[in-house]
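Report on the structure given below.
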Amino acid sequence: MASRLANPLTMPDEQDLDLFAVMSALVDPTRRAIVEMVAAAPGEACSRSDFGVSKSALTRHWRVLREAGVIKQEAQGNRHRNWLRREELDRRFPGLLDLVIAADASSKTDSPSSH
């Protein structure tokens, strides 16, 4: 039986990162929350389901982020460990991740529900 590590999860190479694909992935608030979580806890397994969506929807969000090149996932058994591709994204689109994370954090502190 083949190891799950034998089938690497697909993501674009650095030179193939596309700004439209990255921005499309980051437009969704759940995916931005995932990016914030991964930024705060690199290498964290993706079994945390505190995003208020179904397991299948969460799986889809992870796939969209990975296929856009925002995150790197590594399969370990039945879990996936996750990292932002910060260095690659910063080389292709300098400051983009910082801007998205800062803007999302700012909108949360400015929202009426946070007062």
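Numbering (this note's numbering), first residue to last: -7 to 107.
Even for Gly, the Cβ is constructed at its ideal location relative to N, Cα and C.
Original post:
In terms of DSSP beta bridges, what is ASN74 paired with?
Top reply: Partner(s): GLU36 and GLN65.
Original post:
Just the Cα atoms here: how many angstroms apart are HIS72 and ALA49?
Top reply: For HIS72 and ALA49, the distance between alpha carbons rounds to 16 Å.
Subject >> Alpha-carbon to alpha-carbon, LEU76 and GLY69 >> reply: Distance from the CA of GLY69 to the CA of LEU76, rounded to the nearest whole angstrom, comes to 20 Å.
**OP:** Give the straight-line distance between the Cα atoms of GLY87 and GLY61, rounded to the nearest whole angstrom.
**Re:** GLY87 and GLY61: Cα-Cα distance of roughly 15 Å.
**OP:** Please state whether DSSP places THR22 in a helix, a strand or coil.
**Re:** If DSSP states are grouped into helix, strand and coil, THR22 belongs with the helices.
Original post:
Since ASP82 contacts LEU89 with CB under 8 Å, what's their CB separation in whole angstroms?
Top reply: Indeed they touch by this definition, with Cβ atoms about 7 Å apart.
Original post:
Are the CB atoms of ALA25 and VAL56 nearer to each other than 8 Å?
Top reply: Not closer than 8 Å, so no.
Original post:
Can LYS64 and MET15 be called in contact, C-beta distance under 8 Å?
Top reply: In this structure, the beta-carbon distance from LYS64 to MET15 does not fall below 8 Å.
Subject >> 8 Å Cβ shell around ASP20 - same chain, five flanking residues per side excluded >> reply: Only HIS53 and VAL56 meet the Cβ criterion.
Original post:
Is VAL30 helix, strand or coil when you go by DSSP?
Top reply: Here VAL30 carries a helix assignment [DSSP, helix/strand/coil].
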